[in-house]
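Quick note, the sequences are listed as chains A and B, same order.
Taking my numbering, the leading residue of the first sequence gets 319, the next gets one more, and so forth.
Taking my numbering, the leading residue of the second sequence gets 319, the next gets one more, and so forth.
All remarks here apply to the structure that follows.
Protein chains: 2
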Amino acid sequence: MVNDHLVIRWTAAETARAIERGAVTCEQVTRACLARIDEREPKVQAWQHLDPEQAVAAARALDRGAPRGPLFGVPFGAKDIIDSADMPTEYGTPIHAGHRPAKDAACIALSRKAGALLLGKTVTTEFANIHPGKTRNPLDPARTPGGSSSGSAAAVADFMVPLAIGTQTTGSVTRPSSFCGVFGYRPTYGDMRTAGVMEASGSLDTLGIMARSIEDIALYRDVLVGVRPEPVAADLPALHVGFCRPYYWSRLAASTQNLLEEGARRIARGGMQVTDFALDEEFRGLEQAHKLISGFEMARNLTWELEHHASRISDQLRYGRLKDGLECSYKTYSEMRALCERLRAKLHRVMEPYDVVLAPAGDEAPVGMDPVPHPWVYMAWTIGYVPTVTLPVFKGPSGMPVGVQVLARRYDDRRLFAAARRIYELLK
Amino acid sequence: MVNDHLVIRWTAAETARAIERGAVTCEQVTRACLARIDEREPKVQAWQHLDPEQAVAAARALDRGAPRGPLFGVPFGAKDIIDSADMPTEYGTPIHAGHRPAKDAACIALSRKAGALLLGKTVTTEFANIHPGKTRNPLDPARTPGGSSSGSAAAVADFMVPLAIGTQTTGSVTRPSSFCGVFGYRPTYGDMRTAGVMEASGSLDTLGIMARSIEDIALYRDVLVGVRPEPVAADLPALHVGFCRPYYWSRLAASTQNLLEEGARRIARGGMQVTDFALDEEFRGLEQAHKLISGFEMARNLTWELEHHASRISDQLRYGRLKDGLECSYKTYSEMRALCERLRAKLHRVMEPYDVVLAPAGDEAPVGMDPVPHPWVYMAWTIGYVPTVTLPVFKGPSGMPVGVQVLARRYDDRRLFAAARRIYELLK
Numbered sequence: 319m320v321n322d323h324l325v326i327r328w329t330a331a332e333t334a335r336a337i338e339r340g341a342v343t344c345e346q347v348t349r350a351c352l353a354r355i356d357e358r359e360p361k362v363q364a365w366q367h368l369d370p371e372q373a374v375a376a377a378r379a380l381d382r383g384a385p386r387g388p389l390f391g392v393p394f395g396a397k398d399i400i401d402s403a404d405m406p407t408e409y410g411t412p413i414h415a416g417h418r419p420a421k422d423a424a425c426i427a428l429s430r431k432a433g434a435l436l437l438g439k440t441v442t443t444e445f446a447n448i449h450p451g452k453t454r455n456p457l458d459p460a461r462t463p464g465g466s467s468s469g470s471a472a473a474v475a476d477f478m479v480p481l482a483i484g485t486q487t488t489g490s491v492t493r494p495s496s497f498c499g500v501f502g503y504r505p506t507y508g509d510m511r512t513a514g515v516m517e518a519s520g521s522l523d524t525l526g527i528m529a530r531s532i533e534d535i536a537l538y539r540d541v542l543v544g545v546r547p548e549p550v551a552a553d554l555p556a557l558h559v560g561f562c563r564p565y566y567w568s569r570l571a572a573s574t575q576n577l578l579e580e581g582a583r584r585i586a587r588g589g590m591q592v593t594d595f596a597l598d599e600e601f602r603g604l605e606q607a608h609k610l611i612s613g614f615e616m617a618r619n620l621t622w623e624l625e626h627h628a629s630r631i632s633d634q635l636r637y638g639r640l641k642d643g644l645e646c647s648y649k650t651y652s653e654m655r656a657l658c659e660r661l662r663a664k665l666h667r668v669m670e671p672y673d674v675v676l677a678p679a680g681d682e683a684p685v686g687m688d689p690v691p692h693p694w695v696y697m698a699w700t701i702g703y704v705p706t707v708t709l710p711v712f713k714g715p716s717g718m719p720v721g722v723q724v725l726a727r728r729y730d731d732r733r734l735f736a737a738a739r740r741i742y743e744l745l746k
Numbered sequence: 319m320v321n322d323h324l325v326i327r328w329t330a331a332e333t334a335r336a337i338e339r340g341a342v343t344c345e346q347v348t349r350a351c352l353a354r355i356d357e358r359e360p361k362v363q364a365w366q367h368l369d370p371e372q373a374v375a376a377a378r379a380l381d382r383g384a385p386r387g388p389l390f391g392v393p394f395g396a397k398d399i400i401d402s403a404d405m406p407t408e409y410g411t412p413i414h415a416g417h418r419p420a421k422d423a424a425c426i427a428l429s430r431k432a433g434a435l436l437l438g439k440t441v442t443t444e445f446a447n448i449h450p451g452k453t454r455n456p457l458d459p460a461r462t463p464g465g466s467s468s469g470s471a472a473a474v475a476d477f478m479v480p481l482a483i484g485t486q487t488t489g490s491v492t493r494p495s496s497f498c499g500v501f502g503y504r505p506t507y508g509d510m511r512t513a514g515v516m517e518a519s520g521s522l523d524t525l526g527i528m529a530r531s532i533e534d535i536a537l538y539r540d541v542l543v544g545v546r547p548e549p550v551a552a553d554l555p556a557l558h559v560g561f562c563r564p565y566y567w568s569r570l571a572a573s574t575q576n577l578l579e580e581g582a583r584r585i586a587r588g589g590m591q592v593t594d595f596a597l598d599e600e601f602r603g604l605e606q607a608h609k610l611i612s613g614f615e616m617a618r619n620l621t622w623e624l625e626h627h628a629s630r631i632s633d634q635l636r637y638g639r640l641k642d643g644l645e646c647s648y649k650t651y652s653e654m655r656a657l658c659e660r661l662r663a664k665l666h667r668v669m670e671p672y673d674v675v676l677a678p679a680g681d682e683a684p685v686g687m688d689p690v691p692h693p694w695v696y697m698a699w700t701i702g703y704v705p706t707v708t709l710p711v712f713k714g715p716s717g718m719p720v721g722v723q724v725l726a727r728r729y730d731d732r733r734l735f736a737a738a739r740r741i742y743e744l745l746k
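Set out below in structure tokens:
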């Protein structure tokens, strides 16, 4: 009998292999995760819904059936804006308390088709926006885990599950992954279907993955795109890495700047060609564009809630982003979309010379529960539709994790994984 | 007391004005629509869900309350892939028979906020795809109404409601509008939120509107975008119209070609500058791209149904588009998306010289119930993200309606309405 302490530290791939060779059952894995949650949840509060009996029953059902799929028996969490047929989905708001969707979102159905076990639903900020949920940073309960996919990052970081699904409209996967010290991935825009996932902004939303290894990210990515899994390529040609100091570089903590610069030097010493480049001041326009576009879209998406339950929306959201969005004209909204399109093309041009790009993932998690600090770190890449992996490689001055983003051109996610793994080996 | 025969022929704007000046109550309008449906529904079968008592109760509630919004008391239908909190939503499949969403889709909530009354849910093809629903063409029951928004177009054409919402992934608003002889509109891609609307393909889906006047299209468009309604501009500068004979021109019926060419001559005689242009053979590549992209995406969106209810999916869909989609590799899928992006930019370049573009909307509705004939007519415009209005101006050799598309550059929907109204006056 393998001990729980070991089981919960396995990656998803290791877990699936252990189940396949009979070293452990699905039930044992699930019970190990549940025991960890039982111990740690009072402090971390990563879960919005978790029913241990239901989870054990699901694991036993897997053990009774024929093994199937590359994630057979692997427990995962899903952000609670993602519909699940057998668990409530509450979108981070009391308005939808106890809501039971009729079917699984595409990403949950694809996970289950691959044999994975939905352990529970992880905490999201209110409507995946700015008002925090209850989750704490597992490495320091006085600090935010980052949002909006707070519970997904915290649960993976705290060894409660090896995998979790999040979503990103600004930096909602990258930020909490960096703050909690896990691998985070946002795919090429449009690659993963969002059917059954609450539309936050709509034109900027993507799914994302939190995990504890690049291999797990790559494997789960293939599952969620719905294609045959392929191993991460081992034999890469010499990589040309663009080291990006974006226009907001001086707004980052000096310690973060130093960590990134030292990281770039280490990568160069590791044999990669590293070239500095910038995102110039023009990209600053995306901050206003993102605010207006996401506000405009979210205010319309939440029409039903505003008409029927306005008083149960947080003041922060209702009188902030939603009010701004409702007041934004179509002319401004469409001009902002056109601006995004122009700068997206420019981003693709400036990234073109590089196989991958190294860029900040933000400072360490601040003290307090603001779930969405430094949103400007993430906007250009999110609006640019390019895939990104956050690597948990640095520690900030308070000993908290500081991640680094590795980005690639659109549709080049598989090369991104191979490059990110090599860079991780150099920086870890 | 105004008589029902008159009431059902009013446009939405006329209906709202009549209610506002007290010429008629919301209840009288709703009862007139219900009487028309009672008479005609056995032949047309436009409705998937319609509860007359519920509709009358909703109308009475409006009459009791304070008038509100530009569509106060106007009945509308919504395609049954659009979630409604107080009516079933079944997505055109027995798998979801009786399904009750917890909240309204954004577009229904926005309609109700504007005072409109959801009369019922209109018939869709299975999952808004290729397998027909029960609806007949109201002008000839031996012919298809066109799909996938079959019931929406038929209900508006047959004077059952003045407005209906549809959706388009290929030509699912334009085609049935043309086949049934109503005004149809698909907005600039991304302008209307699809929260609460079943994701068909995802990357190509948009909402659309069916109505019986350009004014209604414009008014309802502003309501569904969620902005203050503005009247259709009356004073347009001289228009430069591009008359497009796309690469598939020779596949259209000779009669359709003649109608369009005569239309272009009439527009020129009406004082507009008309210039011929083509979509060259390169655009033919979009036919394969559309098939693979929509198949790839839909097959993943329907994972839950495929895993749990595969035998209740039509063979046509299951062994056709879904099978093709499941077999499509990511490499092919992403190449097809890149191709679409390149040709989208090319489409924008070739449309650039013109204020609006005149293009085919397809041949007249064929005999039989194939809901999706000549999909290649619509693909370039749909993939191109440009707004389109279909005008019901021609009759084909069988006396069935033949529409013409007027298209504009992205974000130029308001100019499109003004131009389409002027062109309609010249061609009607």
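We put the CB at the ideal spot given by N, CA and C, even for glycine.
Under 8 Å, Cβ to Cβ, is there at least one residue of chain B near residue i?
| i | result |
| --- | --- |
| Arg618/A | yes |
| Gly714/A | no |
| Ser612/A | no |
| Glu625/A | yes |
| Leu380/A | no |
Measuring alpha carbon to alpha carbon, tell me which residue in the options is nearest residue i.
| i | options | result |
| --- | --- | --- |
| Arg430/A | Cys658/B, Cys351/B and His626/B | His626/B |
| Leu725/A | Ala423/A, Ala556/A and Gly502/A | Gly502/A |
| Gly489/B | Leu665/B, Asp642/B and Glu605/B | Glu605/B |
| Ser467/B | Arg386/B, Met516/B, Val347/B and Arg546/B | Met516/B |
| Arg354/B | Gly340/B, Pro370/B and Asp458/B | Pro370/B |
| Pro693/B | Pro456/B, Gln486/B and Val474/B | Gln486/B |
| Ser652/A | Arg732/B, Ala683/B and Val592/B | Arg732/B |
| Cys658/A | Pro412/A, Tyr703/A and Arg639/A | Tyr703/A |
| Ser647/B | Pro459/A, Pro547/A, Ala513/A and Gly643/A | Pro547/A |
| Ala683/B | Phe735/B, Gln363/B, Ala471/B and Ile426/B | Ala471/B |
| Ala379/A | Ser402/A, Gln346/A, Ala403/A and Arg358/A | Gln346/A |
| Ala446/A | Asn619/A, Ala427/A and Asp476/A | Asn619/A |
| Glu623/B | His414/B, Ala336/B and Met405/B | His414/B |
Is there a Cβ from chain A that is less than 8 Å from the Cβ of residue i?
| i | result |
| --- | --- |
| Ser647/B | yes |
| Tyr409/B | no |
| Ala446/B | no |
| Thr512/B | yes |
| Ser467/B | no |
| Val668/B | no |
| Lys308/B | Outside the shown range of chain B (319 to 746) lies residue 308/B, about which nothing can therefore be said. |
| Tyr703/B | no |
What would DSSP say about residue i, mapped onto helix, strand or coil?
| i | result |
| --- | --- |
| Ala432/B | coil |
| Cys646/A | coil |
| Leu755/B | Since the first residue of chain B shown is 319 and the last is 746, residue 755/B is not available in this structure. |
| Gln723/B | strand |
| Met528/A | strand |
| Ile399/B | coil |
| His449/B | coil |
| Tyr503/B | strand |
Using the C-alpha atoms, what's the distance from residue j back to residue i?
| i | j | result |
| --- | --- | --- |
| Ala552/B | Leu709/B | 18 Å |
| Pro555/A | Asp509/A | 25 Å |
| Glu444/B | Ile611/B | 18 Å |
| Gly578/B | Val592/B | Sequence inspection shows Leu at residue 578/B; the Gly mentioned does not correspond to that position. Each residue's alpha carbon lies about 13 Å from the other. |
| Gly680/B | Gly464/A | 52 Å |
| Ser629/B | Asp381/B | 47 Å |
| Thr348/B | Leu437/B | 8 Å |
Under 8 Å, with one C-beta from each stretch per pair, do the stretch 717-734 of chain B and the stretch 495-509 of chain B reach the 3-pair mark? yes
Is the stretch 560-578 of chain A touching the stretch 532-542 of chain A, taking contact as three or more C-beta pairs under 8 Å? no
Would the stretch 661-674 of chain A and the stretch 621-638 of chain A be scored as touching if the rule is three or more Cβ pairs under 8 Å? no
Inspect the CB distances between the stretch 517-524 of chain A and the stretch 474-483 of chain A and report whether three or more fall short of 8 Å. no
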